[in-house]
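Here the structure is laid out as structure tokens; the discussion comes afterwards.
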Amino acid sequence: MKHCKWCHKENPQFANSHIIPKAFFVHDGKNDRKILSVGEYPRRKPTGSKDTNILCVDCEKNFQQIDSQAATILLQNFDKYLIPFNDKKDDIALQIDGQHKQAIKRFLIYVLWRASVSTLREFRMIKLGAYEDKIKDALINDKEFGNHEYSFSAFKVEKSSGNIYPRKLNKRAFSGCNFYELDFANFIFNIKVDSRITPEPLKSLTEYEHLVFNKIYETPEKRRQAMVKIVKSQK
Ligand SMILES: [Zn+2]
1249 MKHCKWCHKE NPQFANSHII PKAFFVHDGK NDRKILSVGE YPRRKPTGSK
1299 DTNILCVDCE KNFQQIDSQA ATILLQNFDK YLIPFNDKKD DIALQIDGQH
1349 KQAIKRFLIY VLWRASVSTL REFRMIKLGA YEDKIKDALI NDKEFGNHEY
1399 SFSAFKVEKS SGNIYPRKLN KRAFSGCNFY ELDFANFIFN IKVDSRITPE
1449 PLKSLTEYEH LVFNKIYETP EKRRQAMVKI VKSQK
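For the sequence shown, the numbering used here assigns the number 1249 to the initial residue and increments by one for each residue that follows.
As structure tokens, then:
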């Protein structure tokens, strides 16, 4: 019998776990949601990737509110929560109250944990090693995270291509720290899974009272496609 990767109990009933919650796959009227993995064509999975080997139904239920809280903040109430900068920064960034940082952080590491324990191809770049247990303990104990624990940068994509793209980021860009990227099409997060202090310029943003989302007008995937085109044209 299968063991639940969360409680380790044998349980006859396993949940159809969404690695990335279904709410993030809802069509925004512009683009379909597609999940991407490195070196592959986008795969259209209208409700996202499901893995039936991760969580038993009890565990899935017990931690469901982590996903639903994040969906409430990011998808349902985001516009209501916005706090204007009332200066030029409004053109380049958005901000919401810093009190939401904990809920978003819990959500991001819960998604990373599911991606890490999953054997689905599209999540093969997410491998957290010893952090799998650390994250699980923190979530079970409802830990209050310090600024630099799982610090993250957030981006709001103004023109999303609809692609959802989980991956590990190049360490060199982050002073040698391990960062993972969760690209939810309309929102992108770079999350530090590393005990070292957050490198600048993210350090200052992390310590700032509000949660800041940098506005970006092109997804990384679009930038990647552009690079591939250039490389191909040179052959
Ligand atoms: Zn369980």
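Ideal Cβ positions, reconstructed from N, Cα and C, are used throughout, including at glycine.
Only a predicted model underlies this, so the values are computations on that prediction, with no experimental measurement involved.
**Prompt:** From this set, Asn1310, Leu1323, Phe1333 and Ala1263, which residue's C-alpha is nearest Asn1301's C-alpha?
**Reply:** Ala1263
**Request:** Would you check whether ligand 1 has a heavy atom nearer than 7 angstroms to the C-beta of Lys1257?
**Result:** yes
**Prompt:** Alpha carbon to alpha carbon, what distance is there between Ser1443 and Glu1397?
**Reply:** 7 angstroms
**Message:** Which residues does DSSP list as the beta-bridge partners of Lys1309?
**Reply:** Paired residues: none, contrary to the question.
**Item:** Given Ala1433 as reference, the closest of Phe1273, Gln1261 and His1251 once Cα atoms are compared
**Value:** Phe1273
**Message:** For Arg1415 and Ile1436, what's the separation of their Cα atoms in angstroms?
**Reply:** 11 angstroms
**Item:** Extent of the continuous alpha helix (DSSP H) run through Lys1451
**Value:** Leu1450 to Glu1455
**Message:** At a threshold of 7 angstroms, does Trp1361 count as lining ligand 1 (C-beta to nearest heavy atom)?
**Reply:** no
**Extent of the continuous alpha helix (DSSP H) to which Arg1354 belongs** = Lys1349 to Val1365
**Asked** Thinking just about the alpha-carbon of each residue, which of Phe1427, Thr1367, Ser1401 and Ile1344 is nearest to the one in Lys1328?
**Response** Ile1344
**DSSP three-state assignment for Phe1393, whether helix, strand or coil** = coil
**Asked** Beta carbon of Asp1335: closer than 7 angstroms to some heavy atom of ligand 1?
**Response** no
**Asked** What's the call for Asn1389, buried or exposed, on a 16-neighbour Cβ count within 10 Å?
**Response** exposed
**Prompt:** Is any heavy atom of ligand 1 found at a distance shorter than 7 angstroms from the C-beta of Asp1306?
**Reply:** yes
**Prompt:** How far does the alpha helix (DSSP H) with Ala1386 in it reach, from first residue to last?
**Reply:** Tyr1379 to Ile1388
**Item:** Cβ distance (whole Å) where His1251 is taken to contact Gly1346 below 8 angstroms
**Value:** With 8 angstroms as the limit, His1251 and Gly1346 do not qualify as a contact, their Cβ atoms being about 38 angstroms apart.
**Prompt:** Alpha carbon to alpha carbon, how far is Trp1361 from Phe1371?
**Reply:** 11 angstroms
**Bridge partners - Val1405, DSSP secondary structure assignment** = Ile1464
**Message:** For Asp1338, count the other beta carbons within 10 Å of its own beta carbon; 16 or more makes it buried, fewer makes it exposed. Which is it?
**Reply:** exposed
**Prompt:** Taking buried to mean at least 16 other C-beta atoms within 10 Å of its own C-beta, is Ala1421 buried or exposed?
**Reply:** exposed
**Message:** Given 7 angstroms as the limit, tell me if Leu1303 has its C-beta closer than that to any heavy atom belonging to ligand 1.
**Reply:** yes
**Contact set for Lys1375: own chain, Cβ-Cβ below 7 angstroms, skip 5 residues either direction** = Ser1364
**Request:** Have a look at Ile1464, Pro1332, Thr1367 and Tyr1358 and flag the residue whose alpha-carbon is nearest the alpha-carbon of Ile1268.
**Result:** Tyr1358
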